[in-house]
Structure formats: C-alpha cells, structure tokens
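These protein sequences, in sequence, are chains A and B.
Per our numbering, residue 1 is the first one in the first sequence, and the count goes up by one each step.
Per our numbering, residue 1001 is the first one in the second sequence, and the count goes up by one each step.
Inspection log for the structure reproduced underneath, given as structure tokens.
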Amino acid sequence: MTVLSVREAIRQALREELSRDEKVFLIGEQLGTGSAFKVTEGLLAEFGEKRIRDTPLSESVIVGCGVGAAMMGYKPVIELMFADFLVLGMDHLVNNAAKICYGHDGELPLSLVLRMPQGAGATMGPHHSQSVEAWILNVPGLKLVAPSTAHDAKGLLKSAIRDPNPVVFLEHKLLYNERGEVPDAEYTIPLGKAQVVKPGKDVSLISYSYTMKHLMAAAAILARQGIDAEVVDVRTLRPLDVETLAESVKKTSRAVVAHEAPVFGGAGAEIAAALHQEAFDYLDAPIARVGALETPVPFASTLEQAYLPNENKIVDAVAGLLNQRVAHAVSGGSS
Amino acid sequence: MPIEKLGKKDHEKIYYYLYLTRYTDEVSLKKYKQGQLQETVHSCAGEEAIAIGSGIQLRPDDYVLPSLRSRGFFFVKGVSSNEMMAGLYGKVTGPARGKNTSHHMGDMKRGVAWGTGVIGSSIPLAVGIGLGIQIAGRDSVVLTTFGDGACSRGDFHESLNLASVWKLPVLFICENNGWAVSTPLSKQMAIDQIAERAGAYGMPGVTVDGNSVPAVYNATESAIRRARKGEGPTLIECVTYRWGGHHAKDTDTYRDREQVESYKQDCPVANYRRYLLDHKLLTGAEIESIERAATAEVDQAVIFAEQSEAPPPGIVAGNVYA
C-alpha cells in the first residue's frame, strides 16, 4: 500500500493504462503542462506527443475527434478542462458516442473515456464550479462514474478505460489533494458497484464524490447523539447499483441522498425514485434529498458556502426523518 | 492518376454507379410518395457526380463519411442495393436491423463511417478517423462530404483548423448546391466561394464544377495524393444544384420553378454520358446495357425490401452497450 493523492492516483491509472495498451492516448487542452489541476503532469515527457495530444481551444472537435478515433479502434481518454465545458462537446458525447454502438446494432462498440474536473468550493464562480452528472444521466449508452477516494479513483479509471463503452469520469476538483491508501499491486474496481463505507442501522446516508466527506462528518455528528448512520458511496451513477442501495435502506428504513448539484432533477431524484420503488415496504419515511440551492454557483466564499450542501444540512435532513431534534457540530446549532 | 488515364473498365464502373445512384433516387422518391417508405428521402438527384467522381477512387482501406445527400458513396463502398432499399423501407434487412436510417448508416469494415443526423457534426468525426489513420502510420485517407449549410457550423471551422494543424489525411468535400433548406447561399455567407475558407486554416481549397465527374475526379485525385503523402487536408468545393427539396417532405415552395428547371439542364449523369461518347470511351449500346443492369438491380432491390420483414420489436432494447 502507498498513500497517494487522488491526483497522483489518477495519474498513475493513466500511466499504467498508457503503458499497458498502445491504443490508449490522451487528448485535450494543456495536457503537456498538466492543465488546470496538474493531473497529467509528467506524462508528456514519459509518453511523447503522439500519445499525449494537446489541442487548440476547440472543445467540440476535441470530443468529436476522440469519437472518430474510437471508431477506428483506439481508446482515447479525452479531457475537458472543466465539466462546465461539457456542453461545448455534448453533441459528440450524447449524439455520437452514446449512440454508435446501438446505431450499428452492436457491430461497432465505442470505447472512450471523457474525464472532467467538476464541483464547487474553490470560489471559481458560476462557469468553473458546476456538477454535471444530471445533465447526462438521462442518456442511454453512456456510463457515468464519480469516485470519492484515491483508491476508487485509480481502480475505477482503469476499469473505465478498459470498458468497451463511452464512460464519463467526473473528478471533483477539491478531491485532487485528498490522500488515501492505494494498493501497489495491479487492481481495478468494477463499474456499477456501490460500496458501504461505514455500516450502520438507523439511517442510510447516500452520496458520491466530494459530498462523501460531508456524509462522514454528518455520521460522526449523529454518532455522538446515538444515531448510527450507514454511509454508502454510489461510485457509479450509470449503471446504478440499486441492489446495494436498496439493501442498505431495507436495513435502516430511512435514507438521505445528498449531492452537490441542485436538488431539482438531480441524480438524487433518480436514486430516491429507484429506492421508493425497490424498498417502499421497508421505509418509515420518504427518502430525503439534500443538494445545492436552485441558483447558479455564486462566486464569493460566504455565498458559495451558503449555496453548497454540508454536514449540518445532512444532519437536519436526518432529524426530519427521525422526527427528533439533532444537534449540529460543536457550534451547537440544531434542527 | 487523372481521369484521362483511366481505362474502359473504370469508366464502365463510374457510369454504372452514377446511373445506379440516379435511378435509386427516382425509385425511392416514387415509393416515398406512395407511402411505402419509412425513411424520409433526402434526394441527391443532380448531385451524383460528387459522390461517384470522388468515391470511386477510394481503396478498401480508405474511409468515407457521407453527408445526408451522398447516397452514391454507399454503393461504391460495397453496400448492396438490397440493403439500401431495405433500409429505406425500414425493414430488418436494412442497416443495423432498422435501428438506424440508410442515409446515416455505418460499417467500418467496409470503410463507411456513420453520419449523425445533426448537420455538420460528422465533420469532427472524420477528423478523428484521420487521426486514427495517422496514429497507425497508414497512408489511407478519409473523405467526408457536407453541404453549404454545414459550413456555417462551428464544427466545420474547428475541424478544418485541427486537421490542418495536425496535417491529417482528410478530404473535406463541400456539396455546395446553393441552398440550406430554404436559405440561399447569399443569406448564409458574406463570401463568394466556400473554398476561400481553406486559406483561413492554412490548407489548400479549390472550387470545381460539381456536375462534372472529370472535374470532381481530378480535384479529388490530387487531394488524395497529397493526403497519402502526409501533406495534410484539402477543402474541395463542388458547385452543384439541388433538384428537389431538402427532403421529400419539403414542399420547396420557396424556390423559383423556372430557375430549378433551368439548372436541371446541367445534369451530371447526362454530362458524363456525353463525355463517354465524345471521347469514344463507351458506345451507346454499352451505356444502355449498363443502365439496364442498374435498373434491374434496383427493381430487384424493391422486391427484396417489400418481401423483407419489419424489425421484430423484441430487438429494440439490445446492443445499447457492448
């Protein structure tokens, strides 16, 4: 085991897959210098400019070119600098990548990875802070992954690159510096499997990506007040592991789904609907959802923090499910 | 080599595909009007010389990414009339068992890259195919067609730029037929020739008579040679005219009927027939024999399509993922 940052873990995954399979190449802006978050730093020197391809500022053709190369049997790992820019290349992701396998009735699988930094909390303003998973969750043909740890980021990215389908890989910009243990030996984590990261019995706290930190903080606050939360990391949003999530909710009978994107039409809505479907008879309360406010991401720190979900908002949601008062963290505020 | 150096067999092939494309178009429009087809026909009548004059030169290891109006490419790349007609009818024997239309079908094994229904969005895919060719160190080329309308898309500009910077083996062929649905050229751009845009991206651009197989053939021939040598992309603007509406549902009431009829006098099929006879490349009897064979092939394809089954609903959910 080695302790790595999420950034290092992702870089390692890229390095290992570039070494393992000559069909893999990276394409995007500023990859040679590591782009905005230094993820690809060093890879150009190691693999050369034929494998690490810097492009002009052309998000649409970057994604479209990746699709075309994938049609030729290559495995492009496309980077868009910020998930907010997804919309510039969304035609090629949604209308081409997602539909090529079906449009050839299975004769032409389309394997590529589109990885993007997303998320707020760095005062980067409305166009460099969004969470975009809900924008593409509704597109059959895509897979969608959002890891929360270095261990998961490396294992899931390797699986994503090897997957014969188009996979969108959402990295949270505040997670890049987070450190965690990563096995030294070769490993992958299968897509489509959620994970119970902390077992519990009183309520299921479900999320993915950076919001997992708020879940764990909320679980600690709840534990001090005798409420035993089970914490579940969704990890892959499509295909969604409804079985693991339902198993948790059947055990606890209450659930809060949290994410950084706004609540209305967010991924939490799909998760909640699926859980109501699968576990209705086991529920003592409707599934609660916690997310950002229904606004663009504001820039200044006090506004941004008011906008975002946090452990206190999650604790408040749990209190609502239990119909009891639950205190916040040390400051003593409560629901 | 230029068209002047081609032999008799080559000219027979060219005329065969030209006539096959024209007759398929006529039959599909007729069948569409009779309510027999599921696909909305995008007639390529009057524009056949572009697909055939360029496409006939493609090797099996070359790729084509056709526009919505370049049916001839499918035939030169080996797609059968049966499959094409079954596709128009929406039958299970059509492309992708009915999951995709015939005019956007793809089959990479035959060097046909699927076209998207979003006009202009196929151009970046061709750039990616060109990149795949370059990475593999092959001397293959990819040829993509698009109309004048597509040249106003951002994807057109981003693609020409990137293909030039990376010197990719892409032939960007514009079928300039003067109309983007109901918008004439004068309302689409402030320049006179689309080929002018090539210089903005550092690639050669040429404008040719799109109704002349020899003109299209020779311009394509030198662009293919350039691309195979690794010298990069070319923009070829083929000036032609759209005989029908944008597609079969387009009532086309926005164009002057007399103007349309006068443009139809410059027929690419008739032009090439005259070229063959004038240069004594084929006799009138040989030409008629080719026309009879092509006609029979299409008529047989109609029977095949009519007798084919509809796609069974049971297959609808399969093959979304690999």
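For each residue, glycine too, the CB sits at the ideal point set by N, CA and C.
Since this is a predicted model, take the numbers as computed values, not measurements.
| query | result |
| --- | --- |
| When you compare the CB positions of Leu142/A and Glu270/A, do they come within less than 8 Å of one another, or not? | no |
| Give me whichever residues DSSP pairs with Trp1179/B in a beta bridge. | Pro1184/B |
| So Ala246/A and Ala279/A are supposed to be a Cβ contact under 8 Å. How far apart are they, rounded? | 5 Å |
| Using the rule of at least 16 other Cβ atoms within 10 Å of the residue's Cβ for burial, across every protein chain shown, is Thr33/A buried or exposed? | exposed |
| Please report the Cβ distance between Thr252/A and Glu230/A, rounded to the nearest whole angstrom; I am assuming they are in contact, meaning their Cβ atoms lie under 8 Å. | 6 Å |
| Roughly how many whole angstroms lie between the Cα atoms of Val1208/B and Ile1194/B? | 11 Å |
| Go through the segment 1093-1161 of chain B residue by residue and report every complete run of the alpha helix (DSSP H) that reaches 4 residues or more, in order. | 1122-1135 |
| Go ahead and pull the three-state DSSP assignment for Thr2/A. | strand |
| What residue from Gly291/A, Val67/A and Glu29/A has the CA that sits closest to Leu57/A's CA? | Glu29/A |
| Going by DSSP in three states, His1247/B sits in which element: helix, strand or coil? | coil |
| Out of curiosity, what's the CA-to-CA distance linking Leu93/A and Pro1233/B? | 25 Å |
| Any chance the segment 278-294 of chain A sits against the segment 104-114 of chain A, with 3 or more Cβ pairs inside 8 Å? | no |
| Taking only the alpha-carbon atoms, compute the straight-line gap between Val1181/B and Arg1257/B and give it to the nearest angstrom. | 15 Å |
| Just the chain B side, please: which residues come within less than 8 Å of Asn165/A by C-beta, in chain order? | Tyr1321 and Ala1322 |
| Considering only the beta carbon of each residue, do Thr55/A and Leu14/A sit closer than 8 Å? | no |
| Spatial neighbours of Gln12/A within its chain, please: C-beta separation below 8 Å, excluding the five flanking residues on both sides. | Leu4, Lys154 and Val182 |
| State yes or no: is the beta carbon of Leu1125/B nearer than 8 Å to at least one beta carbon in chain A? | yes |
| Under a CB-based cut-off of 8 Å, is Met90/A close to chain B? | no |
| Using a cut-off of 8 Å between C-beta atoms, extract the partners of Thr55/A located in chain B. | Leu1162 |
| Below 7 Å between beta carbons is the criterion; list the residues of the segment 1042-1070 of chain B that meet it against any residue of chain A, in chain order. | none |
| Out of Ile1052/B, Ser1152/B and Pro1268/B, point me to the one whose CA is closest to Gln1188/B's CA. | Ser1152/B |
| Looking at the strands, I want to know which residues DSSP matches up with Ser204/A. | Glu230/A and Ala255/A |
| I want to see whether chain A comes within less than 8 Å of Val1118/B, judged by CB atoms only; does it? | yes |
| Just grab the DSSP bridge partners of Gly1205/B for me. | Leu1235/B |
| I'd like the list of long-range same chain contacts for Val242/A, defined as Cβ closer than 7 Å, with 5 residues on each side in sequence excluded. | Ala274 and Glu278 |
| Do you know how far the Cα of Glu1288/B is from the Cα of Leu1282/B? | 10 Å |
| Of all Cβ atoms in chain A, is any one closer than 8 Å to the Cβ of Leu1088/B? | no |
| Using the DSSP secondary-structure output, state which residues sit across from Val167/A in a beta bridge. | Val113/A and Lys143/A |
| Is the segment 1032-1046 of chain B touching the segment 1088-1104 of chain B in the sense that three or more CB pairs, one from each, lie closer than 8 Å? | yes |
| Check this for me: beta carbons of Ile1173/B and Cys1238/B, under 8 Å apart or not? | yes |
| If we define contact as Cβ-Cβ less than 8 Å, is Met81/A a contact residue for chain B? | no |
| Who are Gln195/A's beta bridge partners in DSSP? | Asp233/A |
| At which residues does the beta strand (DSSP E) containing Tyr1063/B begin and terminate? | Tyr1063 to Leu1065 |
| Quick check: what's the CA-CA separation for Gly1055/B versus Val1064/B? | 8 Å |
| Any residues in the segment 187-201 of chain A with a beta carbon nearer than 9 Å to a beta carbon of chain B? Which ones, in chain order? | none |
| Identify the residues that DSSP records as bridge partners of Ala288/A: which are they? | Val256/A |
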